[in-house]
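Asks:
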Amino acid sequence: MAASGRELGEACLFVCCGGTIDKDYPRSTGGYAFEFGDVPAVERILKRVIPHGWGWDHEVRVLFQKDSLDMTDADRAALVDVLRETSHAQVVVTHGTDTMIATARAMDAPARQLAKVVVVTGAMRPERFTNSDAHFNLGCAVGSLGLLAPGAYVSMGGRVHPCHQVARDGDGKFVRADVRTE
């Protein structure tokens, strides 16, 4: 039995918030910046890796498409509202890497109170790139859902960290660190 008391593969809610994982090549000419595509990365990845007929129940919801540096406390409150409103006990949030730790921390206490597992993940390169880490990070996040106790976690680079025990090092990697401030 999983640490959360749930089985791996239980129905899952994917909440898409934007970030690099969802960025796409620009449609207009003459620009340098990437833009958000019409279909979230989660949907493209799941369509490729989950054969029809598996029967794995999941829902994909696009909450917003933002660079994580533009995330506000109101955006995080909207995520907490989704957590409170959903019947899903397992939630994966796709998010930009710059502020995903802050978002996971904002979701931790509500997730514990609601007995839900939340894993926040993203990518260092857009999912559209052939050398993207998006598939690996999303797979790691999904695979960890049934193994974790209620609360919020950050999953990047093959590691899953409790949100109060993760930081980014000088190279931008997500590493274990005891940074609890409560």
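For the sequence shown, the numbering used here begins at 221 and goes up steadily by one.
The beta-carbon is built from N, C-alpha and C at its ideal position, and this holds for glycine as well.
In the DSSP assignment, the alpha helix (DSSP H) including Lys267 goes from what residue to what residue?
Replies: Here the question's residue 267 lines up with position 47 in the sequence shown. Taken as a continuous stretch (DSSP letters only), the alpha helix (DSSP H) holding Lys267 covers Ala261 to Val269.
Asks: Check whether the Cβ atoms of Met320 and Thr350 sit closer than 9 angstroms, and answer yes or no.
Replies: By 1-based counting over the sequence shown, the position of residue 320 is 100. By 1-based counting over the sequence shown, the position of residue 350 is 130. No, the pair does not count as a contact, with Cβ atoms beyond the cut-off.
Asks: Should Val269 be labelled buried (16 or more other beta-carbon atoms within 10 Å of its own) or exposed?
Replies: Counting from one through the sequence shown, the residue named residue 269 turns up at place 49. It counts as exposed.
Asks: Given a cut-off of 9 angstroms on the beta-carbon distance, is the pair Asp328 and Ala294 in contact?
Replies: In the sequence shown, residue 328 corresponds to position 108, counting from 1. In the sequence shown, residue 294 corresponds to position 74, counting from 1. Their beta carbons are not under 9 angstroms apart, which means Asp328 does not touch Ala294 by this criterion.
Asks: Using only CA atoms, which one of Arg348, Thr306, Val380 and Ala309 lies nearest to Asp258?
Replies: Residue mapping note: residue 258 aligns to position 38 of the sequence shown, counting from 1. The candidate whose alpha carbon is nearest that of Asp258 is Arg348.
Asks: Roughly how many angstroms separate the alpha carbons of Met221 and Leu334, rounded to a whole number?
Replies: As a working mapping, residue 221 is identified with position 1 in the sequence shown. As a working mapping, residue 334 is identified with position 114 in the sequence shown. Note that Met221 scores a pLDDT of 37, beneath 50, so its modelled location is shaky and nothing firm can be said.
Asks: Would you check if the region 276-285 and the region 383-392 touch, i.e. whether three or more CB-CB distances between them fall below 8 angstroms?
Replies: Too few Cβ pairs lie closer than 8 angstroms, so no.
Asks: For a minimum of 4 consecutive residues, which ranges assigned as the alpha helix (DSSP H) are wholly contained in the region 326-387?
Replies: The qualifying runs are 354-364.
Asks: If you draw a straight line from the C-alpha of Arg396 to the C-alpha of Val374, how long is it?
Replies: As a working note, residue 396 is residue 176 in the sequence shown. As a working note, residue 374 is residue 154 in the sequence shown. Going from the Cα of Arg396 to the Cα of Val374 covers about 10 angstroms.
Asks: Does the beta-carbon of Thr292 have 16 or more other beta-carbons within 10 angstroms, so that it is buried, or is it exposed?
Replies: Taking the sequence shown and counting its residues from 1, one reaches residue 292 at position 72. Classification of Thr292: exposed, given that the 10 Å Cβ count is below 16.
Asks: Mapping the DSSP letters down to three states, classify Lys286 as helix, strand or coil.
Replies: Locating residue 286 in the sequence shown gives position 66, where the first residue counts as 1. DSSP places Lys286 in strand when its eight states are reduced to three.
Asks: Counting pairs of beta carbons, one from the region 293-307 and one from the region 353-369, are three or more of them closer than 8 angstroms?
Replies: Contact fails: fewer than three Cβ-Cβ distances are below 8 angstroms.
Asks: For Ser352 and Gln285, I'd like the C-alpha separation in whole angstroms.
Replies: Looking up residue 352 in the sequence shown gives position 132. Looking up residue 285 in the sequence shown gives position 65. Each residue's Cα considered, the two are about 19 angstroms apart.
Asks: Measuring CA to CA, which of Gly390, Val300, Pro382 and Val337 is closest to Asp398?
Replies: Here residue 398 is taken as the residue at index 178 of the sequence shown, counted from 1. Nearest of Gly390, Val300, Pro382 and Val337 to Asp398, Cα basis: Pro382.
Asks: May I ask which residues mark the beginning and end of the alpha helix (DSSP H) holding Asp318?
Replies: The sequence position of residue 318 within the sequence shown is 98, counting from 1. Careful: Asp318 lies outside any alpha helix (DSSP H) and carries neither H nor E.
Asks: Using a 10 Å radius around the Cβ and a threshold of 16 neighbouring Cβ atoms, would you call Asp242 buried or exposed?
Replies: Working through the sequence shown from its first residue, we reach residue 242 at position 22. Counting Cβ neighbours within 10 Å, Asp242 comes out buried, since at least 16 surround it.
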